[in-house]
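Protein chains in written order, with our numbering: chain A, 5 to 121; chain B, 10 to 122.
Here the structure comes first, spelled out in structure tokens, and everything after it is commentary.
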């Protein structure tokens, strides 16, 4: 079946512009995660959605970053007034519902490479 | 605070040689541990995971990892490396609430003929 898809694959923007990054999770997966991967860094957690629960936004680095998930499926990560330090690969992952006492792996998309000039 | 440390930023091995990638974690409860591989231009792919039970877990592509609670380690091993194993490897620990994963900074593997 189809995996997690992200668009665009590459985005080049000018400093100060807003960008939107899209994630299409695997159908039926209720959990969705956004991460940022900067050069030479590990994955930095940004935000987590689980079903209809309030998202965990604890990883968002500033109020310029926001994300929404419509209908429990597609998610959009928005970065307002982009800065050069926002340049990174943004990864999305989805996971089946987490059951008590069990744990499910994350399935990652290929990422969106964002370059802020 | 939860964290994952991968001490080796870059490792080079000869094809056919054995491989061990180190991972140490800090987590207050029983950890859920993962190894992912990221090939150039690709998303992360799960190699293996540990939740409970047997501390030696087998994964895809001939990889295995051993959970050692006393050492807070979850090292990844492969007895004979293939050129196609060249990639970035990430260790991760997951919280038991399911909403947080902590990734290490990765180990880049180069395989030489």
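Heads up, the beta-carbon is just placed ideally off N, CA and C, and yes, glycines get one too.
The model shown is predicted, which means the values in this text are computed figures rather than measured ones.
Residue 58 of chain A to residue 52 of chain A, Cα distance in whole Å? 9 Å
What did DSSP end up calling residue 46 of chain A once you bin it into helix, strand or coil? Coil.
Three-state class that DSSP yields for residue 85 of chain A in the structure shown: coil
Measuring CB atoms only, is the segment 34-43 of chain B touching the segment 85-93 of chain B, in the sense that at least three cross pairs come out at less than 8 Å? no
Here's a check: name, in chain order, each residue in its chain whose Cβ is nearer than 7 Å to the Cβ of residue 95 of chain A, leaving out the five neighbours to either side. 39, 41, 47, 112, 113 and 115
Quick check on residue 6 of chain A: buried or exposed, where buried means 16 or more other Cβ atoms within 10 Å of its Cβ? exposed
Three-state secondary structure (DSSP) at residue 80 of chain B? In the three-state scheme derived from DSSP, where H, G and I count as helix and E and B as strand, residue 80 of chain B is classed as helix.
Residue 21 of chain A (DSSP reduced to helix, strand or coil): coil
Hey, out of A:62, A:64, A:45 and A:35, whose CA is closest to residue 55 of chain A's CA? A:35
If we cut at 8 Å on Cβ distances, does residue 110 of chain B have a partner in chain A? The C-beta of residue 110 of chain B comes closer than 8 Å to at least one C-beta of chain A.
Contacts that residue 109 of chain A makes with chain B (C-beta to C-beta distance below 8 Å): 43, 55 and 58
DSSP three-state call for residue 93 of chain B: helix, strand or coil? helix
Which residue from A:16, A:43, A:110 and A:25 puts its Cα closest to that of residue 78 of chain A? The residue with the shortest Cα to Cα distance from residue 78 of chain A is A:25.
Evaluate residue 116 of chain B with the Cβ neighbour count: other Cβ atoms within 10 Å of its Cβ, from every protein chain shown; 16 or more gives buried, anything less gives exposed. buried
Who are residue 114 of chain B's beta bridge partners in DSSP? Beta-bridge pairing links residue 114 of chain B to no other residue.
Please list the partners that residue 99 of chain B has in chain A, where partner means a Cβ-to-Cβ separation under 9 Å. 46 and 47
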